[in-house]
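Below you'll find the structure, written out as structure tokens, and then a few comments.
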Amino acid sequence: MSAEPIDISVIVPTLKEAENLALLVPRIGAALQNRSYEILIVDDASADGTDRICAEMAQKYPLRLHVRPHLDSGLSGAVLEGMRLARGEFLVVMDADLQHPPERLNDLIEPLERGEADFVLGSRHVEGGSIEERWGPLRRLNSRIATFLAKPFAGSTRDPMSGYFALRKSTFEGARRLTPLGYKIGLELMCKAGVTRIREVPIHFTARTHGVSKLTVAQQFKYLEHLSRLYDFCFPRLAPIGKFLIATGLGWFLAFGVYLTLIRRGINPMWSAALSYPAAILVTLVFHARYVRTQRAFLVTRWPWRDFAIISVAEWVACFLAAAWLTARLKEAYPLEIFLIIFGIATLVRYVLRKELMQDIRGLRQELRPLEWSDRP
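Have a look at this one:
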């Protein structure tokens, strides 16, 4: 295949989309027939005849098939791999399921060519955009919550979760620390490629023709993990504090229920507070397990579980010391006061030790010193 530069690379990540590709590729070809373009299919080792369909289509269209040997990073990883392999000056990403209209390809590219935008989205939610499929109340609510959570870095963008978007290859190459996770690679690029001018082009989002949707509950949890990373990237100081407060608040809520139960059983409020604190540690353990599992590549500490155990023991010891001090010093106090004082002291110990042992609940540090990188196992 010629190595001459071309104008447009259309990147299509696929997993068992052979039936759809047979319909999609001709529509892309018709939309770009007067342009210099390539279609780059990035496939996750589908066993449905995708390779055969691509071989047939390549006889008529400028199509390349790239089969990924490593599938850990999902659709986002496939898109990034396709972008690195693409030869076009302009990159367009679209799904293979025919929900993104190829007829709008030129509308996505033209604002980039005119220098009016750095990033262009095919949007379902701006004026002129529409969705063919009737979404139930739960899916509409899910979409609104997802969009709301992305607001801090998506700004006024109406459809930041769109998987149909275009940007210059140079913009992609200027992105920093891309960490693909789940399906929302467009949101990742908007944050990390330093785009300031975003344009939304209305599209009609059609119903899937063949195959089944890849949007599962697991993917929705990955989206939350992805948002966590983006918050860390965009707000490196505020994000860990926010996550610390969320984990601590949930732990206090559970522990307060245990605390009231112990008091009702006749246990001294001072010691009830100390005895209920493991409930808060249990909640923190759940967050910590997720943190270690999903962010292993970004950990600075060598021994995250050892450090967690040290911190937890220190917190609990602080609870008993505070309970003993209050027993000796206070003659009378309300149960809520006792709870707040003892848990406040323990939480202060937690915060200080987590900072000292670099155990913040976050995925990406603003920067790692070279020594930290070379020192990691």
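Residue numbers (the working numbering): 839 to 1215. Here a beta-carbon is modelled for each residue, glycine too, at the ideal position from N, C-alpha and C. Predicted model, so just to flag it, every value in this text is computed and none were measured.
Annotated three-state conformation of PRO1018 is coil, per DSSP.
In the three-state scheme derived from DSSP, where H, G and I count as helix and E and B as strand, ALA984 is classed as helix. In summary, GLU941 is exposed, with fewer than 16 beta-carbon neighbours lying within 10 Å of its beta-carbon over all protein chains present. In the DSSP assignment, GLY920 falls within the unbroken alpha helix (DSSP H) covering 912-923. Collapsing the DSSP output to three states places GLU927 in a strand. Taking a contact as a CB-CB distance under 8 Å, the pair GLU1011 and PRO1018 does not count as one, their CB atoms being some 16 Å apart. Distance from the CA atom of ILE1148 to the CA atom of THR1044, rounded to whole angstroms, is 54 Å.
The criterion of a C-beta distance shorter than 8 Å is not satisfied by ALA1184 and ALA1161. A residue is called buried once 16 or more other Cβ atoms fall within 10 Å of its Cβ, and GLY960 is buried on that count. In the structure shown, HIS1042 adopts extended strand secondary structure according to DSSP, grouped into three states. The three-state secondary structure of TYR1172, taken from DSSP, is coil. Counting along the chain, no alpha helix (DSSP H) covers TYR899, and no H or E run does either. Exposure of VAL1151 is indicated by the presence of fewer than 16 other C-beta atoms within 10 angstroms of its C-beta. Contact check for ALA856 against ILE891 passes: the beta carbons are separated by less than 8 Å. Our two residues, ARG1102 and LEU1159, have alpha carbons roughly 23 Å apart in a direct line.
In the DSSP secondary-structure assignment, SER847 is bridged to GLU876 and LEU929. Judged by pairs of C-beta atoms under 8 Å, the segment 866-882 touches the segment 934-949, as three or more such pairs exist. ARG962 places its beta carbon 8 Å or farther from that of ILE1079.
A buried status is given to PRO1142, since no fewer than 16 other beta-carbon atoms sit within 10 Å of its beta-carbon.
For THR852, the pairing in a beta bridge is given by DSSP as ASP881.
Shown here for ILE1180: same chain residues with a beta carbon closer than 8 Å to its own, the five before and five after excluded, namely MET1108, ALA1111, ALA1112, TYR1115, CYS1157, ALA1160, ALA1161 and LEU1164 in chain order.
The beta carbon of ARG1006 sits closer than 8 Å to those of GLU927, PHE928, LEU929, LEU950 and ASP956, all from its chain and outside the five residues before and after it, given in chain order. From the listed residues LEU979, ARG982, GLY953 and ASP997, the smallest Cα separation to GLY966 is found for ASP997. The alpha-carbon of THR888 is positioned some 8 Å away from that of LEU859. When DSSP states are grouped into helix, strand and coil, SER1066 belongs to the helix group.
Inter-residue distance for LEU1186 and GLY1087 is about 13 Å (C-alpha atoms, whole angstroms).
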